[in-house]
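Heads up: the structure comes next, in structure tokens.
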Amino acid sequence: MVKQRRCSVSFVWIITGGILYDGWIQASNHCTKEEVLAATDGSLVLLYQKASSSAEPTITGLSAKEEIASVTPTNATIPYAWLKQIPWVMDTMWTLAIGLNNSIKYLREKGLSLHNYTNSPDYLEAIQKGTNEASFQGISGPFSFDNTNNRIGLTYLQRSINGFLAFNIIFRHKWSIRMSSPHVNSVILIGCLCMYVVVYVSTVEYLQRYEDGTKGSVCMAKTWLIATGYTLMFGGMFAKTYRVYIIFKNTTVKRKPIKDHHLFIVVGILLIIDFIILIPWTTVFPFSSEKQIKMMDTLDNNLIDAEVIVYCHNTKQVYWFITMYVYKGLLLAFGTFLAWETRNVTVEELNDSRNIGACIYSVVVVCLIGVPLQHILPTDQINPAYVLETCILLFSTTTCACVIFLPKIHNRNKVRERMLTKPATALSTKNCACSGHPSNLNVVLPGTSMDSSHM
Numbered sequence: 001m002v003k004q005r006r007c008s009v010s011f012v013w014i015i016t017g018g019i020l021y022d023g024w025i026q027a028s029n030h031c032t033k034e035e036v037l038a039a040t041d042g043s044l045v046l047l048y049q050k051a052s053s054s055a056e057p058t059i060t061g062l063s064a065k066e067e068i069a070s071v072t073p074t075n076a077t078i079p080y081a082w083l084k085q086i087p088w089v090m091d092t093m094w095t096l097a098i099g100l101n102n103s104i105k106y107l108r109e110k111g112l113s114l115h116n117y118t119n120s121p122d123y124l125e126a127i128q129k130g131t132n133e134a135s136f137q138g139i140s141g142p143f144s145f146d147n148t149n150n151r152i153g154l155t156y157l158q159r160s161i162n163g164f165l166a167f168n169i170i171f172r173h174k175w176s177i178r179m180s181s182p183h184v185n186s187v188i189l190i191g192c193l194c195m196y197v198v199v200y201v202s203t204v205e206y207l208q209r210y211e212d213g214t215k216g217s218v219c220m221a222k223t224w225l226i227a228t229g230y231t232l233m234f235g236g237m238f239a240k241t242y243r244v245y246i247i248f249k250n251t252t253v254k255r256k257p258i259k260d261h262h263l264f265i266v267v268g269i270l271l272i273i274d275f276i277i278l279i280p281w282t283t284v285f286p287f288s289s290e291k292q293i294k295m296m297d298t299l300d301n302n303l304i305d306a307e308v309i310v311y312c313h314n315t316k317q318v319y320w321f322i323t324m325y326v327y328k329g330l331l332l333a334f335g336t337f338l339a340w341e342t343r344n345v346t347v348e349e350l351n352d353s354r355n356i357g358a359c360i361y362s363v364v365v366v367c368l369i370g371v372p373l374q375h376i377l378p379t380d381q382i383n384p385a386y387v388l389e390t391c392i393l394l395f396s397t398t399t400c401a402c403v404i405f406l407p408k409i410h411n412r413n414k415v416r417e418r419m420l421t422k423p424a425t426a427l428s429t430k431n432c433a434c435s436g437h438p439s440n441l442n443v444v445l446p447g448t449s450m451d452s453s454h455m
């Protein structure tokens, strides 16, 4: 799947059995564990139920958990692969016992008895009939058979969703992830989640296109989410790049180490600027519900078909939008400057400047086309406006998340680089503020040593 590029969002794989068994990974000689995890992201897995999760008493009078505990030795040296088969083994024994008991009545009809068992077709037929009638609450769950002699039980559907945020948290101690500031990465991903929430809020707004009431509040909530999500996304990216810029900038001024809490302060300042704009906008000039009557057709002299559309409006909204756009544009311009200045730092785990440049390019291109159209479209063009807005949000957010974090998944187990060099010359580290943060401490630079206490 990985090599054939069939593990994107366009493919949903349906697999029987466990997807992350060691045998799968060992058999994938040409794929790493991370590639197998990435390939199975979003897949559907069909699994048999090994043991019932219900507290309902089984045929033995105990729950499945109690029954398994009672037959498992406390100091068992039996391999786990065998122990997990215990529920099926026990249910098989109970099925055979019940089937033999049920077969007695069929054998009596033919004057036969289990005590005089022989390998005759009559015995086989009676036992088969008796077994097919078996129905009980087993250790592995409800147990019975259908007309084709197949067991009727429970099947689990499992969806494998790794997620960038979960990946960033779980593997934050890995060197390649730690080098890229996992705490700030989480801030970026929270911004992405805010942007995805905007899609749901936009859907609520779209569904209320004919209703008054909370329309203005929904529009204001969407504005807050977009502003906050945008700042968390790009503010986090640019804060990380600013640290790289400070570390590798040649200067005679001795600088203090830049730690994660300094980056959080930077993002916090950007959020405060958002709040300075949004709070007056919300309290003094909030959105209100406006109605527009769209004449559809005149059916006759006494009946007119019209559509009443409710939309958000404020007489001063153009000034607030311009203020917000100018602020976000300046933020993008500053980020572009940082990405350009750090483009020669060739440590992929530490420097995201090229990826950030790709994010800025995709967002700018999409917004230059989509945002003007969003404001130019007439208020009665609700469907095109909704589709355009959701497509812009989904495309831009997903592109940024993938561009920033897919390389980190790929390089999760990459070993440390022994040298940080520019294309032509080694980076000067005379005044490099390369201490005080895991992202800086784990970089071995020419002429420096690494404190093993920070490893």
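Residue numbers (full-length UniProt numbering): 1 to 455.
Using N, Cα and C, we set each Cβ at its ideal position, and we do this for glycine too.
Everything numeric in this text was worked out from a predicted model, so none of it was measured.
Just grab the DSSP bridge partners of residue i for me.
{"i": "His313", "result": "Ser288"}
{"i": "Gln137", "result": "Pro142"}
{"i": "Arg151", "result": "Phe145"}
When you compare the CB positions of residue i and residue j, do they come within less than 8 Å of one another, or not?
{"i": "Leu393", "j": "Met233", "result": "no"}
{"i": "Lys240", "j": "Ser181", "result": "yes"}
{"i": "Asn132", "j": "Asn150", "result": "no"}
{"i": "Ser135", "j": "Gly216", "result": "no"}
{"i": "Ser362", "j": "Thr397", "result": "no"}
{"i": "Ile277", "j": "Thr228", "result": "no"}
{"i": "Thr58", "j": "Gln137", "result": "yes"}
{"i": "Asn147", "j": "Gly130", "result": "no"}
{"i": "Ala358", "j": "Val310", "result": "no"}
{"i": "Leu96", "j": "Ala126", "result": "no"}
{"i": "Val364", "j": "Leu332", "result": "yes"}
{"i": "Lys328", "j": "Phe285", "result": "no"}
{"i": "Tyr242", "j": "Val266", "result": "yes"}
Tell me which same chain residues have a C-beta within less than 8 Å of the C-beta of residue i, skipping the five on either side of it?
{"i": "Lys222", "result": "Val198, Val201, Ser202 and Glu205"}
{"i": "Cys219", "result": "Glu205, Phe287 and Cys312"}
{"i": "Phe334", "result": "Phe238"}
{"i": "Arg354", "result": "Ala339 and Arg343"}
Suppose the cutoff is 6 Å on Cβ atoms and the five residues either side in sequence are ignored; what does the same chain contact list for residue i look like?
{"i": "Leu270", "result": "Thr231 and Gly235"}
{"i": "Met90", "result": "Ile139"}
{"i": "Trp281", "result": "Trp320"}
{"i": "Phe143", "result": "Asp91 and Phe136"}
{"i": "Asn314", "result": "Phe285 and Phe287"}
{"i": "Thr379", "result": "Gln292 and Tyr311"}
{"i": "Leu263", "result": "Val184 and Ala239"}
{"i": "Gly191", "result": "Gly229, Leu232 and Met233"}
{"i": "Glu341", "result": "Tyr245"}
{"i": "Gln381", "result": "none"}
Identify, in the order they occur along the chain, each residue of the same chain with its Cβ nearer than 7 Å to the Cβ of residue i, setting aside the five sequence neighbours on each side.
{"i": "Phe395", "result": "Val366"}
{"i": "His183", "result": "Asp260"}
{"i": "Leu225", "result": "Cys194, Val197, Val198 and Val201"}
{"i": "Tyr117", "result": "Tyr123"}
{"i": "Glu389", "result": "Ser202 and Gln374"}
{"i": "Gly99", "result": "Ile127, Gly130, Thr131 and Ala134"}
{"i": "Ile104", "result": "Leu114"}
{"i": "Asp274", "result": "Ala227, Thr228 and Thr231"}
{"i": "Leu377", "result": "Pro384 and Ala385"}
{"i": "Ile94", "result": "For the record, residue 94 in the displayed sequence is Trp; it is not Ile. For Trp94, where only same-chain residues beyond five positions count, the Cβ hits under 7 Å are Ile59, Phe136 and Gly138."}
Taking all protein chains shown into account, do 16 or more other C-beta atoms lie within 10 angstroms of the C-beta of residue i, making it buried, or fewer, making it exposed?
{"i": "Leu368", "result": "exposed"}
{"i": "Pro152", "result": "Note that residue 152 is Ile in the sequence shown here, rather than Pro. Under this definition Ile152 is an exposed residue."}
{"i": "Ser120", "result": "exposed"}
{"i": "Phe337", "result": "exposed"}
{"i": "Glu67", "result": "buried"}
{"i": "Gly268", "result": "exposed"}
{"i": "Val387", "result": "exposed"}
{"i": "Glu56", "result": "exposed"}
{"i": "Met419", "result": "Because the pLDDT at Met419 is just 34, under 50, the model does not fix this residue reliably, and the value given afterwards should be weighed accordingly. By the neighbour-count rule (16 or more Cβ atoms within 10 Å), Met419 is not buried but exposed."}
{"i": "Ala69", "result": "exposed"}
{"i": "Gly61", "result": "exposed"}
{"i": "Lys430", "result": "Because the pLDDT of Lys430 is 39, which lies under 50, any placement of that residue in the model is unreliable, and the number read from its coordinates should be weighed accordingly. By the neighbour-count rule (16 or more Cβ atoms within 10 Å), Lys430 is not buried but exposed."}
{"i": "Cys391", "result": "exposed"}
{"i": "Ile356", "result": "buried"}
{"i": "Val187", "result": "buried"}
{"i": "Ile272", "result": "exposed"}
{"i": "Ile279", "result": "exposed"}
Three CB pairs or more closer than 8 Å across the region 82–94 and the region 105–113: Three or more beta-carbon pairs separated by less than 8 Å are not found between the region 82–94 and the region 105–113, which leaves the two stretches without contact.
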